[in-house]
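Numbering (our numbering), first residue to last: 7 to 725. Taking it in order: structure first as structure tokens, then the write-up.
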């Protein structure tokens with residue numbers, strides 16, 4: 007007899023003895039009410055039954071059942087609740103259900119309470135409890151609400167509960183979804199009969215195949231062979247079955263279930279798919295240090311080149327997880343020497359990025375070719391530096407035999423370390439570069455990388471390390487461009503202020519301002535423009551930056567730059583150049599602002615003409631229309647149309663050409679426009695444009711001249 011049964015026996019005897027001493031029936035009932043709590047909470051079913059049966063009168067017995075059910079439900083003692091339901095009539099059973107949720111006033115909370123209670127009951131197979139709890143939410147959509155309960159029951163292998171829950175789902179697609187999710191729970195816990203029922207209940211064949219595939223992955227990860235076998239064999243479509251095997255094999259391999267892996271690999275019908283299956287599963291096994299699984303998978307790949315590829319990919323996975331023995335096996339298994347060296351190089355990069363020094367050492371030393379070994383060190387050093395693994399970096403740098411190659415290794419790794427803000431690694435690498443000019447170059451490249459990522463302390467160190475002043479200024483200029491395009495104002499400020507030569511500083515600001523303006527970084531642009539000391543240089547800075555900002559549709563930046571140009575003629579020139587850039591990229595609002603800002607009417611007309619040509623070459627009809635209509639002088643407007651039509655024609659923008667030709671007011675000018683544009687279109691073989699232009703010419707003599715043009719005639723004859 008178990009200790010729980012001994013306790014129950016002692017409690018039953020004690021309770022009976024105390025109850026016999028009480029003569030008054032009402033006092034007996036009060037004693038029973040008080041005594042029912044402990045056994046209900048503790049799940050002492052026999053004791054609960056005894057207490058209930060000792061109650062005097064049916065009403066008192068029913069009341070005791072309700073009270074006991076409340077205590078038992080709160081403690082999820084569903085065996086007790088089930089017994090209590092059997093002890094009373096249906097009305098009291100309903101009362102018990104209502105009592106369980108009676109303290110929940112909010113209706114949606116009642117549903118939630120019932121769902122959570124049903125989930126707990128389903129887990130232990132109490133389908134009666136599940137039934138009467140879910141009756142509370144009758145009339146609601148039970149599909150999504152039953153899925154958790156079904157998963158709980160399936161994971162515990164309670165088939166009858168699962169059947170009941172699935173049967174409550176009215177909508178077929180929701181029922182299929184419920185089955186799929188529950189099948190995964192059953193599969194991972196090795197409940198084959200539950201899995202069979204759920205899979206067979208899925209109505210749609212493609213959904214059933216999908217159900218099998220997902221559940222097979224879960225079963226395979228836990229090594230449940232029979233479940234996996236059933237699921238794989240149930241997939242109807244052969245290609246889907248192969249896919250099922252591949253995905254499940256990867257799961258099984260990651261958990262070291264060799265027999266399952268063997269079955270799955272051998273079940274794949276297509277040979278190329280089988281090789282792919284082995285490669286993917288080998289990566290998974292290698293990542294988790296399952297050497298025997300790796301060996302089987304590698305040896306199963308039939309084609310030698312595919313086997314080498316399998317080893318290379320798996321070696322990277324093993325190296326990233328520090329599994330040296332697996333790495334050794336895989337590297338030694340690669341048959342081709344050059345492929346083996348390549349395997350070592352790729353795996354070394356993975357190991358270095360994860361700080362696995364011993365693996366890195368083995369891989370580097372295994373590379374047979376010296377130049378390949380140096381290349382291996384260089385690539386791995388970049389990975390290690392990017393992740394701040396200083397000891398790995400040191401080993402790799404020192405292993406490079408050739409001094410110039412070592413310097414190159416340091417330069418590339420320093421750039422990686424700088425991009426990730428690893429100052430100590432950067433310091434080591436820079437100081438290791440032997441050649442002074444190479445060290446300066448190292449600092450310049452790394453500074454750009456650090457500036458691009460806003461790592462100010464790294465930037466400061468690198469700039470200050472450049473010995474030659476002119477080189478330092480150049481370093482600052484290049485890094486400032488990188489910082490400006492990424493909106494890192496503080497870095498830009500430091501770099502600009504560090505440039506010693508004033509003319510170089512102005513040049514630095516001008517170049518950086520273009521990059522900042524193209525990305526719309528207003529504050530950076532403002533700082534750079536205001537920092538330019540010479541007024542004419544500042545105007546030039548604004549003009550160039552405005553063109554960049556206009557090309558990217560940054561109107562506020564354009565406005566600031568145009569208004570900052572001090573010289574009026576320079577401002578007009580700024581507007582004209584920027585308008586061309588904006589028109590080329592179809593930024594109409596920017597174009598409007600720039601055109602309207604040109605003070606002189608003839609200059610404004612010229613601005614429109616040049617911008618219209620840019621817009622026409624890119625096919626931006628709305629921009630072209632605005633610009634043409636803005637030209638005040640009619641003859642200038644006709645000239646605008648003619649020049650823009652040539653640009654549109656050469657780029658095959660027929661609708662733009664039509665608009666421009668029809669807008670020319672003077673007939674002879676229109677004919678001339680068509681004739682010239684037709685030549686350009688013919689040169690590029692744009693037949694539809696040529697045909698339109700030739701047919702639009704009104705004057706017969708001009709039309710004949712056009713037809714006599716060799717390129718036009720040749721283009722038309724192609725039809």
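Where is the CB? At the ideal position from N, CA and C, for every residue including glycine. Model, not experiment: these values are computed from the prediction.
Check, Outcome
"Length-filtered (3 minimum) beta strand (DSSP E) runs lying within the region 554–636", "none"
"Outcome for residue 318 when other beta-carbon atoms lying within 10 angstroms are tallied against a minimum of 16", "buried"
"Closest Cα partner of residue 600 within the set 622, 636 and 623", "636"
"Inter-residue spacing [alpha-carbon to alpha-carbon] between residue 251 and residue 174", "33 Å"
"Supposed contact pair residue 611 and residue 573 - C-beta distance, whole angstroms, cut 8 Å", "Their Cβ separation, rounded to whole angstroms, is 21 Å, which puts residue 573 and residue 611 out of contact at 8 Å."
"Buried or exposed by the 16-neighbour rule on C-beta atoms within 10 Å, applied to residue 706", "exposed"
"Identity of the residue in 652, 437 and 303 nearest residue 269 by Cα", "303"
"Beta-carbon proximity check, residue 388 vs residue 352, cutoff 9 Å", "no"
"Option in 79, 43 and 34 with minimal Cα separation from residue 66", "34"
"Closest residue to residue 423 among 407, 452 and 310 (Cα-Cα distance)", "452"
"Short Cβ contact (9 Å threshold) for residue 394 with residue 426", "yes"
"Rounded distance between the beta-carbons of residue 219 and residue 249, thought under 8 Å", "7 Å"
"Reduced DSSP secondary structure (H/G/I, E/B, other) of residue 248", "helix"
"Burial state of residue 15, where buried means 16 or more other Cβ atoms lie within 10 Å", "exposed"
"Other residues of its chain near residue 228: CB distance less than 6 Å, five sequence neighbours each side excluded", "194"
"Under 9 Å between C-beta atoms of residue 292 and residue 263", "no"
"Nearest to residue 488 (by Cα), restricted to the options 457, 473, 508 and 507", "457"
"Endpoints, alpha helix (DSSP H) assigned at residue 276", "Neither: residue 276 is in no alpha helix (DSSP H) and is coded neither H nor E."
"Those runs of the alpha helix (DSSP H) which lie wholly inside the region 675–713 and span at least 4 residues", "693–702"
"Buried or exposed by the 16-neighbour rule on C-beta atoms within 10 Å, applied to residue 713", "exposed"
"Of the residues 161, 588, 315 and 208, the one placed nearest residue 172, counting alpha carbons only", "208"
"Rounded separation between residue 765 and residue 701 - CA only", "No answer is possible for residue 765: it lies beyond the span of the chain, which begins at 7 and ends at 725."
"Residue 161 classed as buried or exposed, judged by whether at least 16 other C-beta atoms fall within 10 angstroms", "buried"
"Cut-off 7 Å between Cβ atoms - residues of its own chain near residue 379, not counting five sequence neighbours on either side", "370 and 373"
"Backbone secondary structure at residue 380 - three-state DSSP", "helix"
"Selection from 589, 408, 454 and 660 that minimises the alpha carbon distance to residue 482", "454"
"Cβ-based burial, residue 607 [other Cβ within 10 Å; buried from 16]", "exposed"
"Chain D within 9 Å of residue 504, Cβ atoms only", "Reference to chain D is not applicable here, since this structure consists of a single protein chain."
"Where residue 602 falls, given that 16 or more other Cβ within 10 Å makes a residue buried", "exposed"
"Reduced DSSP secondary structure (H/G/I, E/B, other) of residue 651", "helix"
"Residue closest to residue 214, alpha-carbon to alpha-carbon, out of 198, 43 and 240", "240"
"Cβ-based neighbour list, residue 532, same chain, cut-off 7 Å, excluding 5 preceding and 5 following", "566"
"6 Å CB neighbourhood of residue 391 in its chain, flanking five on each side removed", "399, 419, 422, 423 and 431"
"Inter-residue Cα distance where the pair is residue 20 and residue 235", "55 Å"
"Close-in-space but distant-in-sequence residues of the same chain around residue 259 (CB under 6 Å, 5 per side omitted)", "267, 287, 290, 291 and 299"
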